[in-house]
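Here the protein sequences come in this chain order: A and B. When we follow the working numbering, the leftmost residue of the first sequence carries the number 276, and every step to the right adds one. When we follow the working numbering, the leftmost residue of the second sequence carries the number 441, and every step to the right adds one. Think of the CB as a built atom: it goes at the ideal place given N, C-alpha and C, for glycine as much as any other residue. Being a predicted model, the structure only gives us computed values, none of them experimental.
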Amino acid sequence: MHLLRYIAGRLVVYALVIVFALTVLFFVPRLGPTDPVEAMLAKVASQGAYMDPAQVDKLRQSLIDTFGLGGSLWEQYGAFVNRIIFSADFGPSLSMYPTPVMELIWNALPWTFGLLLSSTLIAWVLGNFVGLLSGWRPNSNSSRVMEGIAICLYPIPYYILALVLSILFSYVWKIFPLTTTIRGAPWSWELVSSIVWNSFLPAMSIVIVVFGWWVISVKAQTTALKEEEFARYARLKGLSDGRILTRYILPNALLPQITFLALQIGLMFNGSLITEILFDYPGLGLLIYTAVLQGDFNLLMGTISLSVIAVATATMIIDLIYPLLDPRIRHR
Amino acid sequence: MISIDNVTVGYGTAGFITAVDQVSLTIGDNEIIGIAGESGSGKSTLMRAVYGDFSTGLGIKSGTIKGRFTDAATGQVIEKPSSQFRDLWWDQISYIPQGSMSVLNPLMKIEQQVIDGLPKRERGGGRKALRQRIATFLAGFGLEENVLDAYPHQLSGGMRQRVLVAIAAFVNPRLILADEPTTALDVVVQKKILLMMVEIQRRLQNTLVLVSHDLGVHYQITDRLVIMYKGRIVEAGRTADIFANPQHDYTRNLIASLPRLHGKRAVDRVGAGA
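Pasting the structure below:
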């Protein structure tokens with residue numbers, strides 16, 4: 276009963292967050308100075324075709340109709356809610372007209388998700404492992420070295436690190452490709468290796484930057500937990516170090532780390548923008564970048580809505596599995 | 441069982457701070473021995489040294505603490521200093537901590553916390569049979585079987601303390617050390633738990649060392665009593681004798697400060713008379 280109420284409450288919050296975010300997303304670009312219809316007309320004009328003013332007006336009107344930009348703001352909002360919430364249709368892309376926005380997103384999404392999710396998880400697992408061990412033996416040499424590395428990596432701004440990696444490993448030593456080009460037939464070995472090869476550097480840049488933070492935070496957790504009474508009691512029971520570490524310290528240290536992981540996934544898409552621009556990676560971030568530069572309302576709406584939904588879903592899933600991990604929440 | 445010979449125990453390596461000063465004491469088989477004294481008198485430090493818990497800078501400066509145990513299964517006699525007791529923990533020796541909220545792992549069920557650390561001889565017969573034995577054992581403490589599937593936060597303070605006593609006793613050890621096992625509890629629960637501890641000791645015929653600042657607790661269950669003050673033993677003897685005829689001023693003060701059923705406590709009367 277409690278569990279059902281917990282889940283129901285969480286779902287309501289989830290829906291509210293998405294509706295609120297979509298509403299904000301609808302209004303913000305319409306407050307900006309770029310007008311996609313005028314941009315389109317300018318593009319047509321710049322291609323050298325001559326049109327008399329009456330023809331231009333007619334074209335403008337038909338563009339406004341196709342883009343759904345006619346009527347007052349509120350009428351547009353009504354139509355928007357109708358389309359987005361009930362049929363998940365973001366319309367055609369304005370800059371890559373007439374490709375539907377959803378199609379562009381579906382092509383880009385797996386790239387972003389694959390890259391960010393895997394690198395975030397790799398950093399999390401590695402960071403927790405190293406942090407746990409160095410918190411357990413804080414005075415050993417290897418622990419000091421690891422902490423030193425973590426402290427050095429942690430404050431580096433992401434774009435600096437990404438640029439340095441890119442310059443060192445693709446320009447100075449031509450080990451990895453400078454821009455992303457994926458080749459190979461679908462589901463072939465060549466394709467897989469090409470993906471891994473091209474994703475390695477962007478993934479490393481994320482892993483390195485996030486890793487340091489995980490090490491530092493888990494180390495602090497572990498050092499504190501080691502002095503907890505239950506750890507002392509376990510030691511006085513004569514339990515082995517390995518058992519105390521895996522059954523007593525680790526589960527308790529991981530609890531807050533799981534919350535941090537949820538927050539990290541929430542911030543994932545921010546990072547994707549810079550990563551994908553710097554490494555020319557064909558994901559959602561690059562799509563957002565294009566959409567902003569071209570004043571492509573529909574594409575912008577689609578990409579950002581999708582990242583909002585993805586983040587809200589990730590956080591909700593973590594919230595829902597949390598009670599499975601912490602009995603103190605389950606039984607409340 | 442344990443012989444403490446002129447031992448000085450303290451903390452720190454560079455600047456040594458003495459906590460227990462030239463103490464000698466023999467702890468025999470099949471007895472309940474109490475160690476009493478105020479906070480900072482060295483009673484807990486002495487207990488840690490006897491248990492062999494030389495962590496956080498605790499060390500023996502001079503003198504020896506030696507133990508002599510007979511393995512019930514093999515009949516083998518084990519003799520070693522307390523600094524090497526580690527492999528006897530949760531085998532020949534067990535320990536009852538003061539049961540605050542955080543002594544038990546908050547993410548582990550009680551059943552696993554009973555099993556964790558048990559010596560091989562107490563584990564036999566598979567998981568199910570073991571669970572059954574633990575359940576029966578806990579029933580003797582007035583704890584139902586569903587406690588085994590509970591997490592620590594679901595138990596009351598009294599239940600948690602009973603679980604801790606049960607965990608230490610289920611090991612079937614020759615020596616149990618208890619550090620303020622009833623301090624955080626109300627007197628009714630306290631009495632219940634003390635009686636359980638006596639019952640266990642009488643059944644196992646082993647040795648129970650009880651550290652407490654509460655003379656009332658010692659009066660109820662100990663056979664012998666040791667009074668510590670400023671790191672030294674100021675008085676030791678049969679508990680009944682000490683209460684009937686205290687020799688040292690400090691002991692007299694301690695006894696006088698006990699609340700009484702009729703009239704004022706002795707200290708108040710002394711104060712009123714002065």
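*asked:* Against chain B, with Cβ distances strictly below 7 Å, would Lys449/A count as a contact?
replied: Taking the first residue of the first sequence as position 1, residue 449/A is located at position 174. No, because no Cβ of chain B sits closer than 7 Å to the Cβ of Lys449/A.
*Which word fits Ala714/B, buried or exposed, when buried means at least 16 other C-beta atoms lie within 10 angstroms of its C-beta?*
What you label residue 714/B is simply residue 274 of the second sequence in a count that begins at 1. Confidence is the limiting factor: at Ala714/B the pLDDT is only 36, short of 50, which leaves the residue's position unreliable and the question unanswerable from this model.
*Hey, is Tyr535/B's beta-carbon within less than 7 Å of any beta-carbon in chain A?*
The residue you call residue 535/B lines up with position 95 of the second sequence. Interface residue, yes.
_Coil, strand or helix - Lys578/B by DSSP_ = As a working note, residue 578/B is residue 138 in the second sequence. Residue 578/B is actually Leu in this sequence, not Lys. Helix, per DSSP.
*Which partner residues does Tyr451/B have in the DSSP bridge list?*
Mapped onto the second sequence, residue 451/B falls at position 11. Per DSSP, Ile457/B and Leu498/B.
*Since Leu498/B meets chain A, which of its residues come closer than 8 Å, beta carbon to beta carbon?*
Residue 498/B sits at position 58 when you count from the first residue of the second sequence. Taking a Cβ-Cβ threshold of 8 Å, none of the residues of chain A is close to Leu498/B; the smallest such distance is about 13 Å.
*Local Cβ density within 10 Å of Arg488/B, reported as buried at 16 or more and exposed below that*: Position 48 of the second sequence, counted from the start, is the residue given in the question as residue 488/B. Under this definition Arg488/B is a buried residue.
*So, Gly468/B versus Ile457/B, is the Cβ gap smaller than 7 Å?*
Translated into the one-based positions of the second sequence, residue 468/B becomes position 28. Translated into the one-based positions of the second sequence, residue 457/B becomes position 17. The Cβ atoms of Gly468/B and Ile457/B lie no closer than 7 Å to each other.
*Please report how far the alpha carbon of Ile533/A lies from the alpha carbon of Leu617/B, in whole angstroms.*
As a working mapping, residue 533/A is identified with position 258 in the first sequence. As a working mapping, residue 617/B is identified with position 177 in the second sequence. Spanning the two alpha carbons is a distance of roughly 39 Å.
*Checking contacts by CB at 7 Å: is Tyr508/A closer than that to chain B?*
For the purposes of this step, residue 508/A is taken as the residue at position 233 of the first sequence. So, interface residue.
*Are at least three pairs of beta-carbons, each pair with one atom in the region 574-588 of chain B and one in the region 643-650 of chain B, less than 8 Å apart?*
No, the region 574-588 of chain B does not touch the region 643-650 of chain B.
*Cβ contact (3+ pairs, closer than 8 Å) linking the region 342-351 of chain A and the region 558-565 of chain A*: Not touching, per the Cβ criterion.
_Can you confirm whether Arg603/A, when its beta carbon is compared against all beta carbons of chain B, has any partner nearer than 7 Å?_
Walking along the first sequence from the start, residue 603/A turns up at place 328. Proximity of Arg603/A to chain B, defined by a Cβ-Cβ separation below 7 Å, is satisfied.
*asked:* Along the chain, where does the beta strand (DSSP E) containing Gly474/B start, and where does it finish?
replied: Counting from one through the second sequence, the residue named residue 474/B turns up at place 34. Per DSSP, Gly474/B belongs to the beta strand (DSSP E) from Ile472 to Ala476.
_Here's the rule: buried if 16 or more other CB atoms are within 10 angstroms of the residue's CB, otherwise exposed. What is Gly602/B?_
Residue mapping note: residue 602/B aligns to position 162 of the second sequence, counting from 1. At residue 602/B the sequence reads Arg, which differs from the Gly that was named. Around the CB of Arg602/B, 16 or more other CB atoms lie within 10 Å, so the residue is classed as buried.
*Check Gly713/B in the structure and name its three-state DSSP category.*
For this step, residue 713/B is matched to residue 273 along the second sequence. Here the model assigns Gly713/B a pLDDT of 39, short of 50, so the residue's position is not dependable, and the following value carries that caveat. Gly713/B: helix per DSSP, three-state reduction.
*Classify Asp626/B as helix, strand or coil using the three-state DSSP reduction.*
Position 186 of the second sequence, counting from 1, holds the residue named residue 626/B. Three-state result, Asp626/B: coil.
_Same chain only: Cβ atoms within 7 Å of Phe683/B, ignoring 5 sequence neighbours per side_ = In the second sequence, the residue the question calls residue 683/B occupies position 243. So the list reads Tyr659 and Ile695, once near-sequence residues are dropped.
*Any C-beta of chain A under 7 Å from that of Tyr591/B*: Position 151 of the second sequence, counting from 1, holds the residue named residue 591/B. Yes, because at least one Cβ of chain A sits closer than 7 Å to the Cβ of Tyr591/B.
*DSSP three-state call for Tyr669/B: helix, strand or coil?*
By 1-based counting over the second sequence, the position of residue 669/B is 229. Note: Tyr669/B maps to strand in three-state DSSP.
*Identify the continuous beta strand (DSSP E) that holds Thr647/B and give its terminal residues.*
Here residue 647/B corresponds to residue number 207 of the second sequence, with the count starting at 1. Thr647/B -> beta strand (DSSP E) spans Thr647 to Val651.
_Beta-carbon proximity check, Ser370/A vs Val376/A, cutoff 7 Å_ = Mapped onto the first sequence, residue 370/A falls at position 95. Mapped onto the first sequence, residue 376/A falls at position 101. With respect to Val376/A, Ser370/A sits apart: the two C-beta atoms are not nearer than 7 Å.
*Relative to the C-alpha of Asp527/B, which residue among Glu584/B, Asn693/B, Leu650/B and Gly507/B is closest?*
For this step, residue 527/B is matched to residue 87 along the second sequence. It is Gly507/B.
*Comparing alpha-carbon positions, which option in Ala512/B, Gly482/B, Gln687/B and Tyr491/B lies nearest Asn612/B?*
Locating residue 612/B in the second sequence gives position 172, counting from the first residue. Looking only at Ala512/B, Gly482/B, Gln687/B and Tyr491/B, the smallest Cα-Cα distance to Asn612/B is reached by Ala512/B.
*Give me the Cα-Cα distance between Ala590/B and Lys549/B, rounded to the nearest whole angstrom.*
Residue mapping note: residue 590/B aligns to position 150 of the second sequence, counting from 1. Residue mapping note: residue 549/B aligns to position 109 of the second sequence, counting from 1. So the alpha carbons of these two residues sit roughly 6 Å apart.
_Residues of the region 611-636 of chain B in Cβ contact with chain A at a cutoff of 8 Å, in chain order, please._
Residues passing the 8 Å Cβ filter: none.
*Would you list, in chain order, the members of the region 407-430 of chain A that have their beta-carbon closer than 7 Å to a beta-carbon of chain B?*
Within the region 407-430 of chain A, no residue has a Cβ that lies closer than 7 Å to any Cβ of chain B.
*asked:* Residues of chain A with CB closer than 7 Å to the CB of Asp493/B, please, in chain order.
replied: One-based indexing of the second sequence puts residue 493/B at position 53. The contacting residues are Leu511.
*How about Val603/B: is its C-beta nearer than 7 Å to some C-beta of chain A?*
Within the second sequence, residue 603/B is the residue found at index 163, counting from 1. No, because no Cβ of chain A sits closer than 7 Å to the Cβ of Val603/B.
*asked:* Does Ser534/B come out as helix, strand or coil in the three-state DSSP assignment?
replied: In the second sequence, the residue the question calls residue 534/B occupies position 94. In the displayed model, Ser534/B falls within a strand according to three-state DSSP.
*Where His702/B and Thr485/B are concerned, what is the direct C-alpha to C-alpha distance, given to the nearest angstrom?*
As a position in the second sequence, residue 702/B is number 262, starting the count at 1. As a position in the second sequence, residue 485/B is number 45, starting the count at 1. Near 36 Å, if we compare the C-alpha coordinates of Thr485/B and His702/B.
*Which of the three DSSP states, helix, strand or coil, is assigned to Lys449/A?*
Taking the first sequence and counting its residues from 1, one reaches residue 449/A at position 174. If DSSP states are grouped into helix, strand and coil, Lys449/A belongs with coil.
*Along the region 539-567 of chain A, what residues have a CB closer than 9 Å to any CB found in chain B?*
Listed by position, the residues of the region 539-567 of chain A near chain B (Cβ gap below 9 Å) amount to none.
*asked:* Quick check: the Cα distance between Phe610/B and Phe404/A, rounded to an integer number of angstroms?
replied: The residue you call residue 610/B lines up with position 170 of the second sequence. The residue you call residue 404/A lines up with position 129 of the first sequence. So the two alpha carbons sit approximately 35 Å from each other.
*Which residue or residues does DSSP assign as beta-bridge partners of Glu551/A?*
In the first sequence, counting from the first residue as 1, residue 551/A sits at position 276. DSSP output for Glu551/A lists no bridge partner at all.
*Find out if the Cβ-Cβ distance for the pair Val485/A, Ala398/A is shorter than 7 Å.*
On the first sequence, residue 485/A is found 210 positions in, with the first residue counted as 1. On the first sequence, residue 398/A is found 123 positions in, with the first residue counted as 1. Taking 7 Å as the Cβ cut-off, Val485/A and Ala398/A qualify as a contacting pair.
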